[in-house]
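Undergrad: Chains as they are written, first to last, in this note's numbering: chain A, 1 to 263; chain B, 1 to 324.
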C-alpha cells in the first residue's frame, strides 16, 4: 500500500505542476461545473415548487444527494478517471498496456493511478462544502453514528464506483476499438444523483444488484439521514467485494486475451 | 542450466472476417505469428533475432517478457513462466521497445526514474549508484530534467534504456532499440549495451533491422521467418552456410585492365562502375588468387565475405520462392 501511495505522490506532484501551466483551461472547466450546479439548483427549485418531496426526500436532501454524487465523481476524476479511461482509448488499441504489465506491481492499480487530474479536487471541495450546507439546511438531526457510517459508506461508495467504471472499459480487451466505452460512465452516473425512490422497481433491481451504481451515493446518504441500518452496511461491503472479485476475474481474462498491438 | 528455455512456442491471432459487405460472416481468420519455436539461451549470452517484418520476432519477445500468452508451448525464464507474471520475475527482467515509450510522457526523466525506483523497490544507495553510472555512460546529465515530450528521439531512447537498467535486470529484451536513431546515438547505445553485458553478465535478446547492431553485439543469431526458426547459431557459421563463396573486387581503371579481367578463367564475373567483381567458391579461391595476383596489382585487389545483409536477404528470398 505504501508503495502505491509513493507512486501516486510522484504522479500527483507532477500533475499539479502540469495543471498550474494550464490555468485558463482549468478556470473554464470550473466555470462549466459552476454553471452546471446553478442550473441544477434552479431545476430542483422548479420541481419543488410543484411537489413537497421527491421520492420521499425534501429539497435539501435531494440537493445533498446530487452534490454528494458529484463529489464522488470528482474524487474519482481527480484520481483514477483518465488512467482507467485510457484502457478504452489507448492502452489496448495502441498496445500501451505492455509497460504496465511488466511492472512488479498490480497492473490494474498502476493503470488507474497513472494519470491524476488534481484540479478536479477544486470542484470536489466545492461540492463537499455545498453538501455540508445542504445537510445543515435540511434541518435533520445527525449524530456521531450517522457521520461515522456515512464516512465509511462514502469511502466504500467511491471504491465501488471505481470498480463499476473499471468494469465498463474492460470489454476493450476483446473489442479493441471502442472509444465510446469511456463515455458510458458519464451516462450511467446520472442515476446516482437522484433518490432511489423515484425509480421504478425494475430499475432499482438493475441499479442495486446487477450494476449497483445507485448504491454508491444513495446508501451513504440515506445512512446520514436515517438511523444506520446493519443490512445497508453489510450490503455495501458485500456488493463491493463481489464486484471487486468480478473485476479481478474479467481483468485476468482480458489480460490473457490481450494481443499487444505491435511496435 | 539455461537461463531461457522455450519449447514449441506457438502464437496464433484471430481476425474477424465480418465486414459490412458480409454481415453474416462470423468466421475468424487465423494468423500464425509464431510456430513451434524452441530455443535455449545461456546466462550472459547476447542473442540477435533477425527476420523480416511480420516474421514473429516481437511476438516471441513479448511472450518471453510475459506481455502476451502463447497459444501453445512452454517457456521458462530464470526458472519462471513469463506469462504468469510473478513479481519476482518482473523485478529481474526488462524490455525496451524502440517504438514505444515506457516513461511517462508528461514527466521529466528524473521523475519517471524516481517512480520506477518506487515500483521496483530499489534501495536508495543502489538507485543512486546505478543512475550515476548510466547517466555517465550515456552522457545524459543535461536531459534528466527535461520532460519526455520535449526530447529528441535519441534522447528519449537513452532515457528508455536508463529506465530499464535501474533495477539491475538479469534478462533484457531489446526490440529494435536503435530504430530511427542517427549513427552517433546508435553507437552510444551499442557501446552502453556492450558494457552492461560485459560488466553485469546480463543476458540479452535483441531484435533489430540494422545488421550493424547484430554484427557488433551478438555472437549468436536466430533467424525467424513466417514464425519459424530457420537458423540458430554463430553469425560466422551463418556466413559459411548461406554464403559458401568469397567476393573478389578488382579496380579496373584502364582499358587494358578490363581486357585482362575479361580473359580470366572464372565464369561468375561482372564489371560494375570500373570494378571487376568475381564470386567464387571458397574452395577455389586459392587458384583464383594466384591468377589474379599474377595479372593485377595487389593494391587493386580486395577479397571479402558477402555482406550479412546480402546473406539474410538471400535466405528470406529463398524461403519466399520455396513457398511459391
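Ideal Cβ placement from N, Cα and C applies to all residues, glycine included.
Because the structure is a prediction, the values reported are computed rather than measured.
1. Pull up the DSSP beta-bridge partners for residue 40 of chain B, would you.
2. Note down the Cα distance separating residue 195 of chain B from residue 57 of chain B, rounded to an integer number of angstroms.
3. For chain B, check one thing: does any of its Cβ atoms lie closer than 8 angstroms to the Cβ of residue 98 of chain A?
4. State the start and end residues of the unbroken alpha helix (DSSP H) segment that holds residue 153 of chain B.
5. How many angstroms separate the CA atom of residue 247 of chain B from the CA atom of residue 279 of chain B?
6. With DSSP as the reference, identify every bridge partner of residue 224 of chain B, one or two as the case may be.
7. Let me know the secondary structure DSSP gives residue 117 of chain A once reduced to three states.
8. Please list the terminal residues of the continuous beta strand (DSSP E) segment that includes residue 93 of chain B.
9. Taking the alpha helix (DSSP H) that residue 9 of chain A belongs to, which residues open and close that run?
10. Looking only at C-alpha atoms, which of B:147, B:153, B:207 sits nearest to residue 174 of chain B?
11. Which of the residues in the segment 71–85 of chain A, read from start to end, lie with their CB under 7 angstroms from any CB of chain B?
12. Locate the alpha helix (DSSP H) running through residue 285 of chain B, then write down its first and last residues.
13. Using the C-alpha atoms, what's the distance from residue 148 of chain B back to residue 180 of chain B?
14. Name, in chain order, the residues that DSSP records as bridge partners for residue 30 of chain B.
15. Strictly under 8 angstroms for the Cβ-Cβ distance: is residue 127 of chain B near chain D by that measure?
16. So, are the CB atoms of residue 10 of chain A and residue 118 of chain B less than 8 angstroms apart?
17. Using alpha carbons as the reference points, say which of B:62, B:305, B:45, B:217 lies closest to residue 245 of chain B.
18. Please report the straight-line C-alpha distance between residue 27 of chain B and residue 12 of chain B, rounded to a whole angstrom.
19. Residue range of the alpha helix (DSSP H) that residue 74 of chain B falls in?
20. If we count the other Cβ atoms within 10 Å of its Cβ and call it buried at 16 or more, is residue 25 of chain A buried or exposed?
21. Within 8 angstroms (strictly less), CB to CB, does residue 116 of chain A reach chain B?
22. Short check: CB of residue 157 of chain A to CB of residue 220 of chain A, under 8 angstroms?
23. How about residue 259 of chain A and residue 68 of chain B: do their beta carbons lie closer than 8 angstroms?
24. Grouping DSSP H, G and I as helix and E and B as strand, with all else coil, what is residue 125 of chain A?
25. Going by DSSP in three states, residue 137 of chain A sits in which element: helix, strand or coil?
26. Please work out which residues of its chain come closer than 8 angstroms, Cβ to Cβ, to residue 281 of chain A, disregarding the five sequence neighbours upstream and downstream, and give them in chain order.
27. Figure out for me which residue from B:192, B:93, B:172, B:71 has the closest Cα to the Cα of residue 216 of chain B.
28. Express the C-alpha separation of residue 100 of chain B and residue 152 of chain B in angstroms, rounding to a whole number.
29. Take the Cβ of residue 162 of chain B as the centre, count every other Cβ of all protein chains shown within 10 Å, and call the residue buried at 16 or more, exposed below.
30. Mind checking whether residue 5 of chain B and residue 40 of chain B have CB atoms under 8 angstroms apart?
31. Over the uninterrupted alpha helix (DSSP H) stretch that includes residue 126 of chain B, give me the two end residues.
32. Check distances from the C-beta atoms of the segment 108–122 of chain B to those of chain A and list, in chain order, the residues that come in under 7 angstroms.
33. Looking at the structure shown, is residue 251 of chain B part of a helix, part of a strand, or coil, going by DSSP?
34. Our contact map puts residue 144 of chain A next to residue 225 of chain A with C-beta atoms below 8 angstroms; I'd like the distance itself, whole angstroms only.
35. Do you know whose CA, among B:124, B:255, B:108, B:50, lies nearest residue 311 of chain B's CA?
36. Could you tell me the alpha carbon to alpha carbon distance between residue 35 of chain A and residue 123 of chain A, rounded to whole angstroms?
TA: Reading it off the structure:
1. B:5
2. 24 angstroms
3. Answer yes: the Cβ-Cβ gap between residue 98 of chain A and chain B drops below 8 angstroms somewhere.
4. Residues 153–165.
5. 5 angstroms
6. B:229
7. coil
8. 93–97 is the extent of the beta strand (DSSP E) around residue 93 of chain B.
9. Per DSSP, residue 9 of chain A belongs to the alpha helix (DSSP H) from 2–20.
10. Nearest option by C-alpha distance: B:207.
11. none
12. 285–295
13. Rounded to the nearest angstrom, the two C-alpha atoms are 17 angstroms apart.
14. According to DSSP, which records beta bridges pairwise, residue 30 of chain B is partnered with B:14.
15. The structure shown contains no chain D; its protein chains are A and B.
16. yes
17. B:305
18. 15 angstroms
19. First-last for residue 74 of chain B: 72–77, but that is the beta strand (DSSP E), not the alpha helix (DSSP H).
20. Residue 25 of chain A is exposed by the Cβ-count criterion.
21. Using a CB distance cut-off of 8 angstroms, residue 116 of chain A does not count as an interface residue toward chain B.
22. yes
23. yes
24. Helix.
25. helix
26. Past the boundaries of the shown model lies residue 281 of chain A; chain A is included only from 1 to 263, so the question cannot be answered.
27. B:192
28. Take the alpha-carbon of residue 152 of chain B and the one of residue 100 of chain B: they are about 14 angstroms apart.
29. Flag for residue 162 of chain B reads buried.
30. Yes, the pair counts as a contact, with Cβ atoms nearer than the cut-off.
31. 124–137
32. Contacts with chain A (Cβ-Cβ distance below 7 angstroms) from the segment 108–122 of chain B involve 111, 114, 115, 118, 119, 120, 121, listed in chain order.
33. strand
34. 15 angstroms between Cβ atoms; not a contact.
35. B:50
36. 12 angstroms
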